[in-house]
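What follows is one structure encoded as structure tokens, with my remarks underneath.
Chains as they are written, first to last, in my numbering: chain B, 1 to 199; chain D, 200 to 682.
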């Protein structure tokens, strides 16, 4: 399947926005604009399987050549692009309902035919209906889950600090320092794994 | 395939773009504000009468004059709205509105850029063979009857002070082509198709003229987008001028202190007869102080400031580290595909130092010193800004994560902290100033991690300029710019 690459799924959806004098479009735009105020960069960082997500409002498709004819859409659209760990849309929808229910409601309530949160299957079917057929999904690290990448970043940070502190020290000190560093990395991973967006 | 190549019209293209003014060691940059469109047009006409220097001359002048305008300058001439709208967005915005993208901090800027307003409309660059001639040339220009009248007229033009002087450095009593950190400068300019280079052909792949001069075939086989009308843009170029202050004492101190650590780490693996400080400084720069490239001379300098090398045989950075300044600024074949991936990011550099060279034994530094960095390209966004953002202030494509250029990269105060109220360049909390000097498995030299690198170079001002051809300047002076 073209939108699966290794352990990752690349979702691209276009959701039509309710058209009532563009009230919904404006409200949605205002909400999306504030999302990066979240301490971790986005409320979507609370969904542990999301690598990357982007929203965009598409409100018109003006043709810029000559003659300059306007090409109006029947409604505005919300583009939602998301890479996540999983093999189908259901995995993402379930994780979003579990972790960011209020945010899902605040965003998708502005979209045409949004079924609400009562039924996960209905919401999955809705996402699938709005999904675009895509191909050539390029994933930077197709076989690494979000947790793997966060762990690697912790390793990188700790290892860099270790090299900085010990590169000029005797080998015996380096060995002890490395063991302490490695134990610290394991402990962080075991007891306090980093939150997405915190590194 | 693509559009046909044309020879460069060197009599129409302004000087110092395709051929540098290396034989003019003294420069002065004058800044002007246009107070009314007729005055702006008259000023350009006066400059043309005084003679704007083209790329080709019959006999070498004692001094040169070149003219460039910011977008605000073009707007102050009240050009047709369609003409103004046809200039690229990054040029319309100007450098200070792009400051965050470039990693610049506006509160550190000097006059005439300091007030952050859009006052700098016209840049007049004068170069001369000696200082007296330069002063005389600038005085003659400013005291020319027509110019003097415009300067005295409340609706004329205003000269914005201070002027910016710059000159080739004098080191140990001798004129030298080094910059303030002590490295030979201006060595890596591209060879351009059908244009004889400053020092003759280097044998490197030539760059298409259209990467630097508007209206000509570029690397994609196309003529890149250019402003309208064609008569205004043709044979013009875009200039990025930046006043870059160099912290010479800071650089020397850092190299001295890190070299002690380097010696401890490398021990006997440090190449014999190699000074650790020179070794470290060269690894950060990518060339030895005498200009010899590490790619060809990884162990010691050879007095060969050649431009013919590609990094193709050094994919791990054993000779020249992947994060070294010259390798970032012009990665050549580092990214594979025979260097094809960098061919749309080439720049012509015409930097000239300002301030006095700090003696090697100096313990304090009076005054400001650095370089008036000038690059020419046909797309500021695709060329200069890409290099600055992706290659200098970020390093992922070179396998350097978010480590920045060790010499010119922007780092926050301690490499980790974001200044209050400022948007971070990147969110990572461990984006310290840092560079890996890879080890050498053949000789057993261990790797070295260069840590806590402070800022050595700070932008103190500058802007984006359009450099019209002589035809373009005449058109602007005529006021008949019709789209």
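All C-beta atoms, glycine included, are put in the ideal place defined by N, C-alpha and C.
Note that the C-beta distance between residue 542/D and residue 406/D is below 8 Å. Residue 365/D sits in a strand when the DSSP states are folded into three classes.
In this chain, the alpha helix (DSSP H) harbouring residue 483/D covers 475-484. Cβ neighbours of residue 393/D within its own chain (closer than 6 Å, five residues either side excluded): 206. Around the beta carbon of residue 256/D, a 10 Å sphere encloses fewer than 16 other beta carbons of the protein chains shown; the residue is thus reported as exposed.
Judged by DSSP secondary structure, residue 326/D falls outside any alpha helix (DSSP H) and instead within the beta strand (DSSP E) spanning 321-327. Restricting attention to 679/D, 216/D, 203/D, the CA atom closest to the CA of residue 390/D is found in 216/D. Within chain D, 460, 463, 464 have C-beta atoms less than 7 Å from the C-beta of residue 168/B, given in sequence order. Contiguous beta strand (DSSP E) elements confined to the stretch 8-57 of chain B occur at 8-16, taking only those with 3 or more residues.
For the pair residue 440/D and residue 661/D, the CB atoms are nearer than the 8 Å cut-off.
Counting only runs that start and end inside the stretch 524-591 of chain D, the alpha helix (DSSP H) elements of at least 4 residues fall at 524-528. Between residue 325/D and residue 263/D, the gap from beta carbon to beta carbon is short of 8 Å.
Boundaries for residue 593/D: no alpha helix (DSSP H) harbours it, and the DSSP string shows neither H nor E there. Judged by DSSP secondary structure, residue 265/D falls within the beta strand (DSSP E) whose first and last residues are 262-268. Of all residues in the stretch 638-660 of chain D, those with a C-beta nearer than 9 Å to a C-beta of chain B are 645, 646, 647, 648, 650, 651, reading in chain order. In this structure, residue 582/D lies near residue 545/D, with their beta-carbon atoms less than 8 Å apart. Not a single CB atom of chain D sits nearer than 8 Å to the CB of residue 154/B. Residue contact with chain D for residue 8/B: absent (no Cβ-Cβ distance below 8 Å to any residue of chain D). One alpha carbon belongs to residue 31/B, the other to residue 150/B, and they sit about 28 Å apart.
Residue 311/D and residue 443/D have their C-alpha atoms some 14 Å from each other. Close partners of residue 164/B in chain D (Cβ separation under 7 Å): 648, 650.
Note that the C-beta distance between residue 323/D and residue 231/D is below 8 Å.
Taking a C-beta distance under 8 Å as the contact criterion, residue 670/D and residue 434/D qualify as a contact pair. Per the DSSP secondary-structure output, residue 5/B pairs in a beta bridge with 8/B. For residue 661/D, DSSP records a beta bridge to 441/D. Of the residues assessed, residue 667/D falls on the buried side of the cut-off, its CB having 16 or more other CB atoms within 10 angstroms.
A straight-line Cα-Cα distance of about 12 Å links residue 352/D and residue 358/D.
The three-state secondary structure of residue 357/D, taken from DSSP, is strand. With contacts defined by Cβ atoms closer than 8 Å, residue 494/D and residue 502/D do not form a contacting pair. Across the set 388/D, 243/D, 498/D, the C-alpha of 243/D shows the shortest separation from the C-alpha of residue 675/D. Restricted to the stretch 132-187 of chain B, the alpha helix (DSSP H) segments that are unbroken, complete and at least 4 residues in length are 146-166, listed in chain order. Residue state for residue 459/D is assigned as helix, using DSSP reduced to three classes. Residue burial is scored here from C-beta neighbours: residue 459/D has fewer than 16 other C-beta atoms within 10 angstroms and is therefore classed as exposed.
Cβ neighbours of residue 412/D within its own chain (closer than 8 Å, five residues either side excluded): 207, 212, 216, 217, 434, 435, 436, 577. For residue 232/D, the secondary structure class from DSSP, reduced to helix, strand or coil, is strand.
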